[in-house]
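Going from the sequence shown to the numbering used here is simple: count from 1 and add 3.
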Amino acid sequence: MKICGLTATQDVAACVDAGADAVGFVLTGGPRQVDARTVRRLTVGVPPEVLTVAVFVAEPVATIARVARAAGVDAVQLHGSYRAADYQRLSRLPLQLIRAVAAGGDVHCGAYGEDLLVIDSPAPGSGVAWDWHGLRARPAGRWLLAGGLRPGNVAAAIRSVSPWGVDVSSGVERVRGVKDAALIAEFVGAARAAEEVSLEA
């Protein structure tokens, strides 16, 4: 699972301690935006098994490549009208590629050459829960469910659509843009428990 929108060292530590698989940093706009230098500082000490992700929205491919290198991340996540050719250009970098798409878009994992797919709500980034049951085409492969997830509903979401993973940002905040360590631990715990039940079923 991925915890996104991190801006402080203690929040990154809370994610690692809770057992998150990936930590994300927004480099394009909004209350959670950080710069490449900050990302590099925040990821010092993150163990190699935890994926570090730089999130971009509608940035030119050349900018993404330059900033990702400066940030020192393991992966880039792209939101916006990117083409397969854009992913092809970025595939030359030693990074994993994550394509984020709103529900109703092309949810075939790997369609653009990406390594991971994030399926977000019809209003991406809104933090509003949506009808996961309406996800008609459940993709195979490594895909993450996002959009309005929080500790109280992540287990139901996992039981509903059986994603490969989940992605959360505002759902582990008590104040917009500020993460809460207790909510992070609660979210990861609920998701792990639901995943174990799904594997046993």
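Beta carbons are placed, not taken as given, at the ideal position from N, Cα and C, and that holds for glycine.
| Query | Result |
| --- | --- |
| Contained alpha helix (DSSP H) runs [length at least 4] in the stretch 43-107, N- to C-terminal order | 64-74, 87-93 |
| CB contact flag (A149, V121, <8 Å) | yes |
| Environment of V178 [buried if 16+ CB atoms lie within 10 Å] | exposed |
| As assigned by DSSP and simplified to three states, the class of A196 | helix |
| A25: first and last residue of the uninterrupted beta strand (DSSP E) it sits in | 25-29 |
| Test item: CB-CB of R43 and A74 under 8 Å | yes |
| Reduced DSSP category for D123 - H, G, I as helix; E, B as strand; rest coil | strand |
| Opposing strand residues paired with D238 [DSSP bridges] | Residue 238 falls outside the range modelled here, since the chain spans only 4 to 204, and no answer is possible. |
| Proximal residues to G83 (C-beta, below 7 Å), its chain only, five neighbours per side dropped | V60, A61 |
| Whole-angstrom distance between A78 and G27, CA atom to CA atom | 9 Å |
| Between the CA atoms of G174 and I3 - distance to the nearest angstrom | Since the displayed the chain opens at 4 and closes at 204, residue 3 lies outside it and no answer follows. |
| Helix, strand or coil at G3 according to DSSP, with G and I counted as helix | Missing from the structure shown is residue 3; the chain here goes from 4 to 204 and no further. |
| Selected residue, minimal CA-CA separation from D89, among I187, Y115, S163, E198 | Y115 |
| For V37, the three-state DSSP class (helix, strand or coil) | coil |
| Beta-carbon proximity check, A57 vs L30, cutoff 8 Å | yes |
| Residue closest to G8, alpha-carbon to alpha-carbon, out of D38, P154, W167, R72 | D38 |
| Nonlocal neighbours in the same chain, by C-beta distance under 8 Å from S163, ignoring five residues either side | W135, H136 |
| Buried versus exposed call for R35 [16 or more other C-beta atoms within 10 Å across all chains shown] | buried |
| Beta-carbon spacing of L54, D20 below 8 Å | no |
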